[in-house]
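Novice: So the protein sequences, as listed, match chains A and B.
Numbered according to the numbering used here, the first sequence terminates at residue 453, and the numbering increases by one at each position without gaps.
Numbered according to the numbering used here, the second sequence terminates at residue 453, and the numbering increases by one at each position without gaps.
Before I ask anything, let me first share the structure, which is written out below as structure tokens.
2 protein chains.
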Amino acid sequence: MELPEKTRFSEWFNELIFTAEIMDVRYPVKGIYVWMPFGFKLRRKVYDYLRSLLDRDHEEVLFPLLIPEHEFMKEAEHIRGFEDEVYWVTHGGLEELDVKLALRPTSETAIYPIFNLWIRTHADLPLKVYQIVNVFRYETKHTRPLIRLREVTSFKEAHTVHATMEEAENQVEKAVNLYREFFDTLGIPYLIFQRPEWDKFPGAVYTLAFDTIMPDGKTLQIGTVHNLGTNFAETFDIKFETPDGDHEYACQTCYGISERCIAALIAIHGDNSGLVLPFRFAPIQAVIIPVLFKGEGRERIMERAEEIKSELERRGWDVVIDDSELRPGAKYYRWELKGVPVRIEIGPSEVENNTLTVSFRNDKKKFEIEADKIHELTGMAMENDDRLREKSRRFMEERIRMCGSIEEAKEHAGKGVALFGWCGKTSCGEEIENRLESTLLGILKGGYNAESPGECVVCHENAPYVAGSARTY
Amino acid sequence: MELPEKTRFSEWFNELIFTAEIMDVRYPVKGIYVWMPFGFKLRRKVYDYLRSLLDRDHEEVLFPLLIPEHEFMKEAEHIRGFEDEVYWVTHGGLEELDVKLALRPTSETAIYPIFNLWIRTHADLPLKVYQIVNVFRYETKHTRPLIRLREVTSFKEAHTVHATMEEAENQVEKAVNLYREFFDTLGIPYLIFQRPEWDKFPGAVYTLAFDTIMPDGKTLQIGTVHNLGTNFAETFDIKFETPDGDHEYACQTCYGISERCIAALIAIHGDNSGLVLPFRFAPIQAVIIPVLFKGEGRERIMERAEEIKSELERRGWDVVIDDSELRPGAKYYRWELKGVPVRIEIGPSEVENNTLTVSFRNDKKKFEIEADKIHELTGMAMENDDRLREKSRRFMEERIRMCGSIEEAKEHAGKGVALFGWCGKTSCGEEIENRLESTLLGILKGGYNAESPGECVVCHENAPYVAGSARTY
């Protein structure tokens, strides 16, 4: 029942997910979980926001889950990247299927045979679509709710098609900016890396990834943007007629975000008392607690509570009144656990003085405002979110260390992200991974300012890049 | 390219779905289709509305797709009902799974093992949840987009748990009323039948179903509401502690709607020119067509078109301006095909006289309004929808015949719904099905007023019920 301290991150996270009613972890298949009503409300608010960002210049579509084996097997690199973790449907009813069907681990091979039909001429380009779907990975490693799943329930994947490589590169930049806006609003700080060759998306020309640092110092990949060049276009014969009448392969990008964004939201803002949620995304944004004493104006207090609730709801807030029989302390505990950003207490003195006693979830300091100034609360809640963001940002930056030597980087391994100069050679990259027992995240591309110290941390030759490494989820 | 006449319903429907860009039917697996951007916008508007109805007193959740064989096999009747049409996942990567996993054909066996954990006491009841998910049926019959699918992409299923059978029955009534409101707003007329014993949901005590009559006279089941009694509760051991400290099995209901609601929306309102959509659900609610003549105030006309667009958008409309190079006739054709409810033409005389030339999609009659009265257009569009509803209602009622004899019913078979007296005996029901080469839809429970003629159409004994039959999808 008691939540472990956040310093015991793994236990804290697993316990919080369940007790705050985000996911039920007791579903009888490994790595597969149930979204509970409260968790689903959080998911809805986060994904409605993500959708609104994409709707600016993408169209939503819905492609099938089942991919026939022959399509799935067309792109050689792609299948090598996924063959160990694809679920296969082999039977329909009591019959064996003629063609095995893969549960999509991602949808390139479901979508691109249709892009082949949709794209005829340059006038059909650019094409930008997205979908929010469930995808499947037969994970053999340790699974964990929201982080490592066999059914990823909430995969937002966008797919774009362009006439030139330059336009595809521009789209990669736009996608990165869109993801920046998304994570900035959630208050999830990130580093952006170009993944090394051996860790890019199977079939991509290059992969950019957003990593955040979790409370235990390990990084979590929370978003990826891939430039596919013409690799898939050649496999699925996606060609367009140019204004000059030539036929050329199209250039493609794809980019994805999963429910790991919710995992990061919970992990990064939460504290020893439970969830801490930015105002905009909290399923319940305010709880009103009537402070009732026997015989002392119970009716007037409840009436006042209802008035305040209506007033806030008119402003678009999601509000509950907790008039249960619990002691005030138990009520505080319950709503703190659920990360309700604003708590409002109304007792006899508040009614008499026409005031409200308010506290925000993250600092828990009580203060009084005049009830007439209730319209100022939204702004205050927003400012409070800014402080939340600032705190998360600082937390991440404290866990990034620019390292002048491999020894220094080794000393920092497991504590966050080590940055260092890298020449770009695979052999030096492998040596870094081996000596640090870490993953080379790739070349730093954004989210943090750092200049290359000039020489590679391994070979001491010229290092044009700052690279990073960390233990990863 | 040319749409077949609606009298050739099957061809008309298949061609319209594709040319109006609702679904792409070229996905390389039988019975599995792609939601195109325009179709998905329609789906979003319809399902956002359905969601808003459920959100009044249900909570949204998300349960897994994959159901382990041992859970799926627990309820004997249920599995008999589905065993021929379940897809099975047997392999993960290159390994064979220890436990086969079913792709949910519906989610009772995924959800109820968790209800077993969620429900402890009477205070946990009633529980009302819903989810919108993809479900799978290995259909061996002829498949058809939106109607008979192997991947049902848009299954809204609600599941409720109650303390008593009476409360479960009340919930069935509430669900029926919710579905009435949904279909009434869509302008889809319906009959409500209690399905005969041999056609109820596998595992249910009884099933109520909404049937609509399609343009070819066949009925389409568009919604079902099931009272499960304690059948599943006994299988999954869903018990609660009563106020007296006893432990009792809970009573359950479930009810579902799939993308067949979109099929009905398209089939019922559409005409020889294409889609006809109620204003509220149309992805594009108005198209503005600038009528441009060479050199004649092109700029002013375009400016006016933009003003009108902004004005309508401020009122929440989805609007496009078609300033393409197409001839006016080709433009009309294009937007009629897509069911845009309101067309506004603006040429030199409209600019000069400060008027708009307006026509509605369903009657295509042009009329003029003063531009200052643009705020009246929303109301006019709503009234127009009422006429659409009324027309659909009449269409259905013309295809219902109360039949005094089996001969009369046989004469009506294939032309709509035949109603007649039924004693309720299975043997008479079977004889009706055989002689009419139709399906016995069950006992009429709503959507149409009819009194029993008093005697069974087969055995001529006392008939307490009006029953219906039809050829069905």
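Heads up, the beta-carbon is just placed ideally off N, CA and C, and yes, glycines get one too.
1) Beta carbons nearer than 9 Å to chain A: which residues of the segment 78 to 109 of chain B have them?
2) For M16 of chain B, decide whether its Cβ has a neighbour in chain A, counting only Cβ atoms nearer than 8 Å.
3) In chain order, what residues of the same chain have a beta carbon less than 6 Å from the beta carbon of G203 of chain B, not counting five sequence neighbours either side?
4) Run through chain A and tell me which residues come within less than 9 Å of Y118 of chain B, C-beta to C-beta.
5) Following the continuous beta strand (DSSP E) through H227 of chain B, name the residue where it begins and the one where it ends.
6) Listed from N- to C-terminal order along the chain, which residues in the segment 352 to 386 of chain B have their beta-carbon within a distance smaller than 7 Å of any beta-carbon of chain A?
7) Whose Cβ in chain A lies nearer than 9 Å to the Cβ of L46 of chain B?
8) Quick one: Cα of E1 of chain A to Cα of R124 of chain A, how far?
9) What are the boundary residues of the beta strand (DSSP E) that includes A189 of chain B?
10) If you reduce the DSSP assignment to three classes, tell me which class D302 of chain A lands in.
11) Exposed or buried, A398 of chain B, counting other C-beta atoms within 10 Å across all chains shown (16 or more means buried)?
12) Quick check: the Cα distance between F20 of chain B and F259 of chain B, rounded to an integer number of angstroms?
13) When the Cα atoms are used, what is the spatial distance from V79 of chain B to K10 of chain A?
14) Measure the beta-carbon distance from L46 of chain B to I127 of chain B and round it to whole angstroms, keeping in mind my assumption that it falls under 8 Å.
15) Buried or exposed for P308 of chain A, please, with buried defined as at least 16 other CB atoms from any protein chain shown within 10 angstroms of its CB.
16) Using a cut-off of 8 Å between C-beta atoms, extract the partners of D64 of chain B located in chain A.
17) Does any CB atom of chain B fall closer than 8 Å to the CB of E332 of chain A?
18) Any idea if K344 of chain A is buried or exposed, counting beta-carbon neighbours within 10 angstroms, 16 or more meaning buried?
19) Please name the residue in B:D366, B:V446, B:Y13 whose C-alpha comes closest to that of D164 of chain B.
20) Sort A:H58, A:P8, A:E228 by Cα distance to V141 of chain A and report the nearest one.
21) Counting only beta-carbon separations shorter than 8 Å, does F212 of chain A have a partner in chain B?
22) Mapping the DSSP letters down to three states, classify H142 of chain A as helix, strand or coil.
23) If we count Cβ pairs, one from each stretch, closer than 8 Å, do we get three or more for the segment 236 to 252 of chain B versus the segment 293 to 313 of chain B?
24) Apart from the five residues just before and just after G277 of chain A, which ones in its own chain have a Cβ nearer than 8 Å to its Cβ?
25) Have a look at V152 of chain B and H206 of chain B and give me their C-alpha separation to the nearest angstrom.
26) Give a yes or no on whether the minimum CB-CB distance between E391 of chain A and chain B is below 8 Å.
27) Taking A138 of chain B as the reference, give the member of B:Y92, B:Y110, B:E325 with the closest Cα.
28) Report yes if the C-beta distance between T335 of chain B and A351 of chain B is below 8 Å; otherwise report no.
29) Using the beta-carbon count (16 or more within 10 Å), is E(-9) of chain A buried or exposed?
30) Which parts of the segment 110 to 142 of chain B are runs of the beta strand (DSSP E), unbroken and 3 residues or longer, counting only runs that do not cross its ends?
31) Contact defined as beta carbons within less than 8 Å: I believe A443 of chain A pairs with W402 of chain A. What is the distance between those atoms, to the nearest angstrom?
32) Show which residues of chain A have a CB atom less than 7 Å away from the CB atom of R240 of chain B.
33) Quick one, which of B:K318, B:G394, B:C231, B:E88 has its alpha-carbon nearest G197 of chain B's?
34) From what residue to what residue does the beta strand (DSSP E) around A266 of chain A run?
35) Can a CB atom of chain A be found closer than 8 Å to the CB of L42 of chain B?
36) Determine, using beta-carbon pairs with one atom in the segment 279 to 290 of chain A and one in the segment 375 to 385 of chain A, whether at least three such pairs fall under 8 Å.
Specialist: Straight from the coordinates:
1) V79, K80, L81, L83, A90, I91, P93, I94, L97, W98, V109
2) yes
3) Y159, F190, I237
4) H71, G72, G73, E75, L77
5) 227 to 229
6) none
7) V9, I12, Y67, L83, F116, R130, E131
8) 15 Å
9) 186 to 193
10) coil
11) buried
12) 16 Å
13) 11 Å
14) That belief does not hold up - the Cβ atoms of L46 of chain B and I127 of chain B are roughly 26 Å apart, past 8 Å.
15) exposed
16) G73, L74
17) no
18) exposed
19) B:D366
20) A:E228
21) no
22) strand
23) no
24) P328, V331
25) 7 Å
26) no
27) B:Y110
28) yes
29) exposed
30) 131 to 142
31) 6 Å
32) Going along chain A, no residue has its Cβ under 7 Å from R240 of chain B, so there is no contact; the nearest lies around 16 Å.
33) B:G394
34) 266 to 270
35) yes
36) no
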